[in-house]
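Visitor:
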Amino acid sequence: QATNHGIEDSLMDAMMSVSREFFRQPAEEKQKCSNLVDGNGKDYQVEGYGSDKVVSEDQVLNWSDRLHLRVEPEGERNFAKWPSHPESFRDVLQEYASRTKKIRDLVLRSIAELLEIDEDYFVNQISNKASGFARFNYYPPCPRPDLVLGLRPHSDGGLLTILFNDDNVGGLQIQRDGRWYNVPTKPHTLLINLADCLEIMNNGIFRSPFHRVVTNVEKDRLSLAVFYAVDAETMLEPAPGLLDDKRPSRYRKMLAKDFVAGLFEHFRQGKRFIDTLKI
Numbered sequence: 001q002a003t004n005h006g007i008e009d010s011l012m013d014a015m016m017s018v019s020r021e022f023f024r025q026p027a028e029e030k031q032k033c034s035n036l037v038d039g040n041g042k043d044y045q046v047e048g049y050g051s052d053k054v055v056s057e058d059q060v061l062n063w064s065d066r067l068h069l070r071v072e073p074e075g076e077r078n079f080a081k082w083p084s085h086p087e088s089f090r091d092v093l094q095e096y097a098s099r100t101k102k103i104r105d106l107v108l109r110s111i112a113e114l115l116e117i118d119e120d121y122f123v124n125q126i127s128n129k130a131s132g133f134a135r136f137n138y139y140p141p142c143p144r145p146d147l148v149l150g151l152r153p154h155s156d157g158g159l160l161t162i163l164f165n166d167d168n169v170g171g172l173q174i175q176r177d178g179r180w181y182n183v184p185t186k187p188h189t190l191l192i193n194l195a196d197c198l199e200i201m202n203n204g205i206f207r208s209p210f211h212r213v214v215t216n217v218e219k220d221r222l223s224l225a226v227f228y229a230v231d232a233e234t235m236l237e238p239a240p241g242l243l244d245d246k247r248p249s250r251y252r253k254m255l256a257k258d259f260v261a262g263l264f265e266h267f268r269q270g271k272r273f274i275d276t277l278k279i
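Structure below.
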């Protein structure tokens with residue numbers, strides 16, 4: 001968890017406030033930002049409001065509502081999918097995303113320094129084409145939390161995730177040695193997760209955590225995750241400075257776009273794709 005991260009409490013409060021206000025709107029208002037293509041109910045796009053596409057009968061579904069918006073590259077933001085209500089939503093998100101981008105670069109340089117490689121190595125893997133998405137997750141109260149997860153077990157597939165959780169309601173859990181542990185909540189803190197691509201690049205020295213969200217029978221919960229990725233044409237492989245005769249590569253090379261394709265297929269099944277790349 002990160003404190004003293006440079007984002008003012010007032011901006012974080014505003015971000016949470018406009019997010020909650022969006023999800024509290026009537027369904028017909030939220031559907032104006034729908035992720036369905038032409039409203040046909042069959043074809044989905046990455047951005048917009050809605051749920052994940054159902055592709056099989058055995059797919060594990062989440063007890064959650066979501067809004068998924070591109071924030072990077074800035075020139076590719078699809079403002080048609082950004083909520084027009086509340087009116088301040090767009091300005092607040094743009095300011096918040098500019099701050100998380102700075103945190104991303106600071107964290108990546110700090111990790112490189114810890115690994116004693118060029119401090120810009122990981123930052124340099126992010127071209128001006130690399131994507132960044134803000135995902136707003138709303139978890140309504142669930143009558144059977146013993147049967148349903150808010151978000152199924154997974155690890156994040158990109159480079160780095162910056163997560164802003166609801167201060168009042170827990171639910172995020174991280175798995176370690178086969179057991180699930182609750183992540184404590186603390187006002188105005190950020191949770192920074194290394195994602196799968198960064199695990200490969202640091203040769204498994206720092207791991208991408210396997211995590212999930214459990215539901216609550218009485219209270220709703222809101223979170224905002226900003227996912228940062230590398231360019232689709234980037235070759236995922238460990239940094240050369242982390243390899244030698246005693247420390248060979250622990251992962252097979254793969255283009256980032258091919259990794260993402262495999263990631264989504266495994267994510268739908270609640271499995272971890274990165275494990276299939278281990279040597």
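Position 45 (the sequence shown) corresponds to 45 in UniProt numbering; numbering is contiguous.
Each residue gets a CB set at the ideal place from its N, CA and C atoms; glycine is no exception.
Quick caveat, the model's predicted, so the values are computed rather than measured.
DSSP state of Q173, grouped into three classes?
Guide: strand
Visitor: I'd like to confirm the pairing. Which residues does DSSP put opposite H85 in its beta bridges?
Guide: Paired residue(s): none; H85 is not in a bridge.
Visitor: Buried or exposed, going by whether 16 or more other CB atoms sit within 10 Å of the CB of S131?
Guide: buried
Visitor: Do R66 and F136 have their C-beta atoms within less than 8 Å of each other?
Guide: yes
Visitor: Between the Cα of N78 and the Cα atoms of A134, V123 and L255, which residue gives the shortest distance?
Guide: A134
Visitor: Buried or exposed for G178, please, with buried defined as at least 16 other CB atoms from any protein chain shown within 10 angstroms of its CB.
Guide: That one is exposed.
Visitor: In the structure shown, what three-state DSSP assignment does A225 receive?
Guide: Three-state result, A225: strand.
Visitor: On a CA-only basis, which of Y139, R144 and L172 is nearest S155? Give me that one, please.
Guide: L172
Visitor: Return the Cβ separation of V230 and L159 in integer angstroms, given the expectation that the two are a contact with Cβ distance under 8 Å.
Guide: 5 Å
Visitor: Is D258 helix, strand or coil when you go by DSSP?
Guide: helix
Visitor: Which stretch, first to last residue, makes up the beta strand (DSSP E) that contains R70?
Guide: D65 to E72
Visitor: With a threshold of 7 Å on Cβ separation, who are the neighbours of Y139 within its own chain once the five nearest residues in sequence on each side are excluded?
Guide: W63, S64, G150, G171, V213, T215, D220 and R221
Visitor: From what residue to what residue does the beta strand (DSSP E) around L194 run?
Guide: Counting along the chain, the beta strand (DSSP E) containing L194 begins and ends at L191 to L194.
Visitor: What do you get for N4, buried or exposed, if any count of 16 or more other CB atoms within 10 angstroms of its CB means buried?
Guide: With fewer than 16 other Cβ atoms within 10 Å, it is exposed.
Visitor: At what residue ranges does the segment 102 to 184 contain a whole run of the beta strand (DSSP E), taking only runs of 3 or more?
Guide: 132 to 139, 149 to 154, 160 to 165, 172 to 176 and 179 to 182
Visitor: Does the segment 198 to 208 come close enough to the segment 97 to 107 to have 3 or more Cβ pairs within less than 8 Å?
Guide: no
Visitor: How about P182 and R247: do their beta carbons lie closer than 8 Å?
Guide: With the sequence shown as reference, residue 182 is identified as Asn, and Pro is not the correct amino acid for it. No. Outside cutoff.
Visitor: Give every residue of the same chain whose Cβ lies closer than 8 Å to the Cβ of M235, excluding the five residues on either side of it in the sequence, and list them in chain order.
Guide: Take M235, set aside five residues on each side of it, and the residues of its chain with a beta-carbon closer than 8 Å to its own are K253, M254, L255 and A256, in chain order.
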